[in-house]
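K.L.:
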Amino acid sequence: MSFELPVSVQAAPAGTNVKLWVYNPADKKTKAGSPGVYLQISGGEWKFYPGNADGSFYANLVSGSYLFDIVEPNPTQYVRKRYSASVNSSGVLSISGMRPNSAGFFTVTVDLPQSASTNKFVPTTQCQLLDQTNNLQMQVGFPKAPGRLPSFGTIKALIVPVDFADVVGQRPPAEEFTPMTDGMNEFYYKMSGNKVKFDYQVLKNWVRMPVSSTFHKLGVWGQGDAWAYWKLAVETADPLVDYSQFDVVYVLSPR
0 MSFELPVSVQ AAPAGTNVKL WVYNPADKKT KAGSPGVYLQ ISGGEWKFYP GNADGSFYAN
60 LVSGSYLFDI VEPNPTQYVR KRYSASVNSS GVLSISGMRP NSAGFFTVTV DLPQSASTNK
120 FVPTTQCQLL DQTNNLQMQV GFPKAPGRLP SFGTIKALIV PVDFADVVGQ RPPAEEFTPM
180 TDGMNEFYYK MSGNKVKFDY QVLKNWVRMP VSSTFHKLGV WGQGDAWAYW KLAVETADPL
240 VDYSQFDVVY VLSPR
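Per numbering that gives the first Met the number 0, the very first residue in the sequence shown carries number 0; after that it's consecutive.
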């Protein structure tokens, strides 16, 4: 639940359906000072929209799935934070894992970097990757960026098996995917020097997607919308799963 704003902010313009307040992660009673938000509608380009000096951010978005990147006010003190959101056909905004406060605001923030005291990396040569990245698709630099899977221990992973009316799963999901999960676990266990294990769980039955197998155009170069596909699969399986019990969720379809 988003908390009630501790400060007064300028009124939202008419027609606004996005109301955010960006707070300081070190002190929720103060604004973060973020310059604005990068928005991307599913399958579209990233666009920057400036925020207001009081920490508020307003927009009027069309229906669709979005990614919001809350821009850090100072890259040496903060880390950019990403939220997934959607606007329904009635123009109502929802942000994954959040609810608005009584005034309709979502209180969002940026991240604090990992504490230097937790960094145990000791360089043995001058060849180092010092520039930690926040790119969700890759990892370089030390220390590890927040939100990454751990580099040791047991990782609890869920396989959500999905099929479609035009591509129906023929075998039980566990039979279909266990050879793959066993191989992946063995690979990461060996590559990590016996430090990482994956505890895979596969849903017993196929989860039928409410769209055709070609709806998200995953096989079309430059047009596929993998994020929307994954999000729809997770939402479709939501009544069957307590996602809080897992570190990572994979969506797999019949081979």
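We put the CB at the ideal spot given by N, CA and C, even for glycine.
My understanding is that VAL8 touches TRP20, with C-beta atoms under 8 Å, so please give their C-beta distance in whole angstroms.
P.N.:
7 Å
K.L.:
Quick check: the Cα distance between GLY14 and VAL91, rounded to an integer number of angstroms?
P.N.:
11 Å
K.L.:
Going straight from the alpha carbon of GLU174 to that of VAL161, what length do you get?
P.N.:
14 Å
K.L.:
Determine whether the beta carbon atoms of ASP53 and TYR77 lie at a separation below 8 Å.
P.N.:
Taking 8 Å as the cut-off, the beta carbon of ASP53 is found no closer than this to the beta carbon of TYR77.
K.L.:
Could you tell me the distance, in whole angstroms, from the CA atom of ARG170 to the CA atom of VAL233?
P.N.:
21 Å
K.L.:
Report the option in LEU60, LYS80 and TRP220 whose CA atom is closest to the CA atom of PHE93.
P.N.:
The amino acid occupying residue 93 in the given sequence is Ser; Phe does not appear at that position. The residue with the shortest Cα to Cα distance from SER93 is LEU60.
K.L.:
Looking at TRP226: is its Cβ nearer than 8 Å to the Cβ of PRO172?
P.N.:
No; because the gap between Cβ atoms is not below 8 Å, this pair is not in contact.
K.L.:
Starting from the C-beta of LYS194, find all residues in its chain whose C-beta is less than 6 Å away, skip the five residues before and the five after it, and write them out in chain order.
P.N.:
Excluding positions up to five away in sequence, the list reads PHE151.
K.L.:
Look at the Cβ atom of ALA236, then the Cβ atom of VAL159, and state whether they are nearer than 8 Å.
P.N.:
yes
K.L.:
For the candidate residues VAL219, PRO5, TYR242 and LEU66, whose alpha-carbon lies nearest to that of LYS155?
P.N.:
When each option's Cα is compared against that of LYS155, the closest is TYR242.
K.L.:
Compare the beta carbon distance of GLY63 and SER85 with 8 Å and say whether it is the shorter of the two.
P.N.:
yes
K.L.:
Is SER1 closer than 8 Å to PRO99 when the C-beta atoms are compared?
P.N.:
yes
K.L.:
Does DSSP put TRP226 in a helix, a strand or coil?
P.N.:
helix
K.L.:
Report the residue from SER212, TRP220 and ALA25 whose alpha carbon sits nearest the alpha carbon of TRP229.
P.N.:
SER212
K.L.:
Assuming LEU4 and PHE104 make a contact with CB atoms under 8 Å, what is their CB distance in whole Å?
P.N.:
LEU4 to PHE104, Cβ: 6 Å. Contact.
K.L.:
For a quick check, are the C-beta atoms of ASN184 and LYS196 less than 8 Å apart?
P.N.:
yes
K.L.:
Nearest to THR177 by alpha carbon, out of ASN87, LEU157 and MET190?
P.N.:
Out of ASN87, LEU157 and MET190, LEU157 has the C-alpha closest to the C-alpha of THR177.
K.L.:
Can you tell me whether LEU217 is buried or exposed, with buried defined as 16 or more other CB within 10 angstroms of its CB?
P.N.:
exposed
K.L.:
How would you label SER55, buried or exposed, when you count the other beta carbons within 10 angstroms and need 16 or more for buried?
P.N.:
buried
K.L.:
Measure the C-alpha to C-alpha separation of ALA58 and LYS18 and round it to an integer number of angstroms.
P.N.:
Rounded to the nearest angstrom, the two C-alpha atoms are 7 Å apart.
K.L.:
Short of 8 Å in beta carbon distance, which residues of its chain neighbour PHE163, apart from the five on each side in sequence? Order them along the chain.
P.N.:
Beyond the five residues adjoining it in sequence on each side, PHE163 comes within less than 8 Å, by CB distance, of ARG207, MET208, VAL210, SER211, SER212 and SER252 in the same chain, given in chain order.
K.L.:
Apart from the five residues just before and just after TYR65, which ones in its own chain have a Cβ nearer than 8 Å to its Cβ?
P.N.:
Correct list, in chain order: LEU38, GLN39, ILE40, SER41, SER83, ALA84, SER85 and VAL86.
K.L.:
Under a Cβ-count criterion, where at least 16 other Cβ atoms within 10 Å of its own Cβ denotes burial, should ALA31 be classed as buried or exposed?
P.N.:
buried
K.L.:
For LEU251, does the three-state DSSP call read helix, strand or coil?
P.N.:
strand
K.L.:
Indicate the three-state DSSP secondary structure (helix, strand or coil) for GLY218 in the structure shown.
P.N.:
coil
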